[in-house]
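**Student:** Numbering (the UniProt record's numbering), first residue to last: 1 to 266. Every residue gets a Cβ at the ideal spot worked out from N, C-alpha and C, and that includes glycine. Bear in mind that the values here come from a model prediction, so they are computed numbers and not experimental data. Sharing a structure, written as structure tokens. Questions coming.
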């Protein structure tokens, strides 16, 4: 009696669809200021988010992707690693690369003036600096900020107040080699975005953000004046300059006890 592996059959079907979509993808623009790996990541993202591609679909091998997209293996790996970091694909040793379970995300148009420049319009927003340190980066920081050795990372931890009410706690990480000495200007209620633009001619032109429900740590609960059982909105963001390179990466926990977070799409 012949046994048919339906899952394998579906994966093969999806693999064919992915292959066809990749063949139709526009070629990379080698004259663009956008790095090749970012262009490849966007093409792969468009493919895996296509309605015809299901969760657990198998992606072509790295070598096949090189042939289909006309770039080197290191470029392919950088693009794939970025998608793994975002939780959109997974690499299974000796099995392949697979599309992760698709999650609904809220995309919105960002003005890239800092999170609170967008969500707290019409309110008085102040900040208190809890920590400023320049240090060796963690592996995660190296990956998120694409730090070349021996670059360091600048960490800034702050609490945000909206109309005097503690509303969020944020840890910002900057690519240290791109903002030498910036810590001298970081003070309470001073915009880091403003410092980067004025002192270093750096502007965040593109950002990706993810939202999820999280529980506060004891420290976060104390800073926000809530209990550890009060759910918060967790926000993760990576911001890039016009050359496509990450300049900032932050994690924020936001309390909606006193105010709501409004996301505007356009």
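Might you give, ordered along the chain, the residues of its own chain that have their beta carbon closer than 7 Å to the beta carbon of residue 16, omitting 5 neighbours on each side?
**Tutor:** none
**Student:** If we ignore side chains and look at the alpha-carbon of each, how far apart do residue 145 and residue 137 end up?
**Tutor:** Cα to Cα, residue 145 sits roughly 10 Å from residue 137.
**Student:** Given residue 100, which residues of its chain have a CB within under 7 Å of its CB, disregarding the five upstream and five downstream residues?
**Tutor:** So the qualifying residues of the chain are 55, 87, 88, 89, 90.
**Student:** Classify residue 202 as helix, strand or coil using the three-state DSSP reduction.
**Tutor:** coil
**Student:** How big is the Cα-Cα spacing for residue 236 and residue 209?
**Tutor:** 6 Å
**Student:** What did DSSP end up calling residue 151 once you bin it into helix, strand or coil?
**Tutor:** coil
**Student:** Within its chain, find whatever has a CB closer than 6 Å to the CB of residue 224; leave out the 5 residues flanking it on each side and keep chain order.
**Tutor:** 166, 255
**Student:** Quick check: the stretch 17-36 against the stretch 237-249, are at least 3 beta-carbon pairs closer than 8 Å?
**Tutor:** yes
**Student:** My guess is that residue 156 and residue 186 are in contact by the Cβ rule of under 8 Å, so how many angstroms apart are they, rounded?
**Tutor:** Cβ-Cβ separation between residue 156 and residue 186: approximately 6 Å, consistent with a contact (criterion under 8 Å).
**Student:** For residue 41, collect the residues of the same chain with a Cβ closer than 7 Å to its Cβ; drop the 5 residues on either side in sequence, then sort them by chain order.
**Tutor:** 79, 82, 83
**Student:** Please return the same chain residues whose Cβ sits closer than 7 Å to the Cβ of residue 19, not counting the five positions on each side in sequence.
**Tutor:** 60
**Student:** Report yes or no: do the stretch 203-222 and the stretch 172-179 share at least 3 C-beta pairs separated by less than 8 Å?
**Tutor:** Three or more beta-carbon pairs separated by less than 8 Å are not found between the stretch 203-222 and the stretch 172-179, which leaves the two stretches without contact.
**Student:** Look up residue 246 in the DSSP assignment and say whether it is helix, strand or coil.
**Tutor:** Correct three-state label for residue 246: strand.
**Student:** Please confirm whether residue 47 and residue 38 have their CB atoms less than 8 Å apart.
**Tutor:** no
**Student:** Taking residue 197 as the reference, give the member of 189, 188, 182 with the closest Cα.
**Tutor:** 182
**Student:** For the putative contact between residue 75 and residue 21, defined by C-beta atoms under 8 Å, what is the C-beta separation to the nearest angstrom?
**Tutor:** Not really, about 19 Å apart at Cβ, beyond 8 Å.
**Student:** Output yes or no for whether 8 Å exceeds the beta carbon distance between residue 218 and residue 227.
**Tutor:** no
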